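Comments concern the structure below.
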Amino acid sequence: MYRNILVPVDGSKLAERALTVAVTLAEQHGARLVLLQVHPSIARRTGGGGVPVRDPALDLTWRADQLRGLDRLANRLRKRTAVVVDAVFRDGETVPTILDEVAKQDAGLVVMVTHGRGGFQRFFLGSVSDGLMRRITVPLLLLRAGRAAAKQHEGASLFRRVLVPLDGSERAERALPAVQGFRDGQPTELTLAHVVHPMSAMAAAHLGQKPAEESEETYLEPIAARMRTTQQTVACKAVVDGQVARALMQLATERDADLIALTTQGMSGFQRLVVGSVADKLVRAAAQPVLLCPSGE
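Numbering-wise, our numbering puts 418 at position 108 of the sequence shown, and it's gapless, one number per residue.
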């Protein structure tokens, strides 16, 4: 159960799209909702020749507008919901300030919309969600911009059907307690998914083995058996595919998943650009929201 849920906002309609989901989650958990707006230390405008110029007067005007906008947003939410809504305004660099505020507010979950930039655009422009993915110590729920934030099943709560990718490591399995805390004892349909690389499948086939079927029986099923309860059904699915993210997205569609939940590897910079990561690809391309769980490493 979460006591505090933090939502970073920046005055844009895009950022506010996370609030519908965040309010619903706060109501389900009986949590306090914290709206956080971070103001960069100095606003910039472009002078002659395209050179950025520090403009303290513009900064003060922009800061005052942001404060008024944050107060209006918080007041609108207070009229819509019975949960406690607090508005916090901070000056500083965006990602470090959000991380500091997560600790100060004792937030158990951060909910935000991501632009879904990728490749060189992400590398050169950067993104708040990318910075948080690599450094945050609590679950981070990312909702893709321009897509439905989440599906709501009639008579049920948000994110009832959850796909959890596992890769045989303890790190990947650390997403499972986070999913259970996220659902907080509500009826849940979990699918544990494992993607077998074709080279491994080929080697196993030479030995007369069926890697997908054996992965389901010997790896996924024992985990599923420990997790099944009257409120939580758990299915297992293993597939052979060289493109892990693509296979997971296909499985999420087949299982009609509302959410994909996984731990992250924390890659950054050129390592992320060249190698990529499953979490990064899912955040950019999956039709479902993605719950990123810290590995604790």
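By construction, the Cβ of each residue, glycine as well, lies at the ideal position given by its N, Cα and C atoms.
These numbers were taken from a predicted model, which means no experiment stands behind them.
So who's on the other strand from A571, going by DSSP bridges? Locating residue 571 in the sequence shown gives position 261, counting from the first residue. According to DSSP, which records beta bridges pairwise, A571 is partnered with L601.
What's the call for Q541, buried or exposed, on a 16-neighbour Cβ count within 10 Å? The residue labelled residue 541 in the question sits at position 231 within the sequence shown. Under this definition Q541 is an exposed residue.
Is M422 helix, strand or coil when you go by DSSP? By one-based count along the sequence shown, residue 422 stands at place 112. Looking at M422 - three-state DSSP - the assignment turns out to be strand.
Under the three-state reduction of DSSP, which class applies to T407: helix, strand or coil? On the sequence shown, position 97 is the one that residue 407 refers to. It is helical.
What are the boundary residues of the beta strand (DSSP E) that includes E499? Within the sequence shown, numbered from 1, the residue matching residue 499 stands at position 189. Taken as a continuous stretch (DSSP letters only), the beta strand (DSSP E) holding E499 covers 498-506.
Cα-Cα separation, V310 to R382: With the chain running from 311 to 607 in the structure shown, residue 310 is simply not present.
Is the stretch 523-530 in contact with the stretch 465-474, if contact means three or more CB pairs nearer than 8 Å? no
Would you mind sorting V394 into buried or exposed? The rule is 16 or more other CB atoms within 10 Å of its CB. For this step, residue 394 is matched to residue 84 along the sequence shown. Answer is exposed; the Cβ neighbour count stays below 16.
Under the DSSP definition of a beta bridge, which residues are partnered with D289? Lying before the first or after the last residue shown, residue 289 is absent from the chain, which here runs from 311 to 607.
So, helix, strand or coil for P532, using DSSP? Position 222 of the sequence shown, counted from the start, is the residue given in the question as residue 532. P532: helix per DSSP, three-state reduction.
Exposed or buried, which one is E411 when buried takes at least 16 other CB atoms within 10 Å? Taking the sequence shown and counting its residues from 1, one reaches residue 411 at position 101. Classification for E411: buried.
Would you report the Cα separation of V600 and V544, rounded to the nearest angstrom? Mapped onto the sequence shown, residue 600 falls at position 290. Mapped onto the sequence shown, residue 544 falls at position 234. The alpha-carbon of V600 is positioned some 19 Å away from that of V544.
I446 versus V550 - alpha carbon distance: Within the sequence shown, residue 446 is the residue found at index 136, counting from 1. Within the sequence shown, residue 550 is the residue found at index 240, counting from 1. It is roughly 32 Å from the alpha-carbon of I446 to the alpha-carbon of V550.
So is T539 buried or exposed if we call it buried at 16+ other beta carbons inside 10 Å? Taking the sequence shown and counting its residues from 1, the one referred to as residue 539 is at position 229. With fewer than 16 other Cβ atoms inside 10 Å of its own Cβ, T539 counts as exposed.
Taking 7 Å as the threshold (C-beta atoms), are V423 and L324 in contact? The residue labelled residue 324 in the question sits at position 14 within the sequence shown. The residue labelled residue 423 in the question sits at position 113 within the sequence shown. Against a cut-off of 7 Å, the Cβ pair of V423 and L324 comes out as a contact.
What does the alpha-carbon distance come out to for the pair P604 and E337? By 1-based counting over the sequence shown, the position of residue 604 is 294. By 1-based counting over the sequence shown, the position of residue 337 is 27. If I take the Cα positions, the gap works out to 24 Å.
Can you find the residues in the same chain that come closer than 6 Å, C-beta to C-beta, to K591, ignoring five residues on each side of it along the sequence? The residue given as residue 591 occupies position 281 in the sequence shown. For K591, where only same-chain residues beyond five positions count, the Cβ hits under 6 Å are A555.
With which residues is Q542 paired in a DSSP beta bridge? Looking up residue 542 in the sequence shown gives position 232. Paired residues: T498, T539.
So, are the CB atoms of V317 and A332 less than 7 Å apart? Numbered from its first residue, the sequence shown carries residue 317 at position 7. Numbered from its first residue, the sequence shown carries residue 332 at position 22. Cβ distance < 7 Å, so V317 and A332 count as in contact.
Does DSSP classify D401 as helix, strand or coil? Locating residue 401 in the sequence shown gives position 91, counting from the first residue. Strand.
Which of the three DSSP states, helix, strand or coil, is assigned to V448? Residue 448 sits at position 138 when you count from the first residue of the sequence shown. V448: coil per DSSP, three-state reduction.
Checking 7 Å against the spacing of the C-beta atoms, do I315 and L387 come in under that value? Looking up residue 315 in the sequence shown gives position 5. Looking up residue 387 in the sequence shown gives position 77. Their beta carbons are not under 7 Å apart, which means I315 does not touch L387 by this criterion.
Looking at the structure shown, is L558 part of a helix, part of a strand, or coil, going by DSSP? The residue given as residue 558 occupies position 248 in the sequence shown. Note: L558 maps to helix in three-state DSSP.
Residue(s) in a DSSP beta bridge with N314: By one-based count along the sequence shown, residue 314 stands at place 4. DSSP output for N314 lists R342 as bridge partner(s).
Report the partner residues of A548 according to the DSSP bridge assignment. Here residue 548 refers to the residue found at position 238 when the sequence shown is read from its first residue. Answer is H504, bridged to A548.
Going by CA-CA distance only, name the one from G552, Q415, A571 that's closest to L486. In the sequence shown, residue 486 corresponds to position 176, counting from 1. Residue A571 is the option with its Cα nearest to L486.
Checking 7 Å against the spacing of the C-beta atoms, do T391 and R481 come in under that value? Numbered from 1 along the sequence shown, position 81 holds the residue referred to as residue 391. Numbered from 1 along the sequence shown, position 171 holds the residue referred to as residue 481. Contact flag unset, no.
Opposing strand residues paired with V333 [DSSP bridges]: Walking along the sequence shown from the start, residue 333 turns up at place 23. BP columns for V333 are empty, so no partner.
Where R493 falls: helix, strand or coil (DSSP): One-based indexing of the sequence shown puts residue 493 at position 183. Helix at R493.
Going by DSSP, what residues sit across from R390 in a beta bridge? Here residue 390 refers to the residue found at position 80 when the sequence shown is read from its first residue. In the DSSP output, where bridge partners are listed per residue, R390 has none listed.
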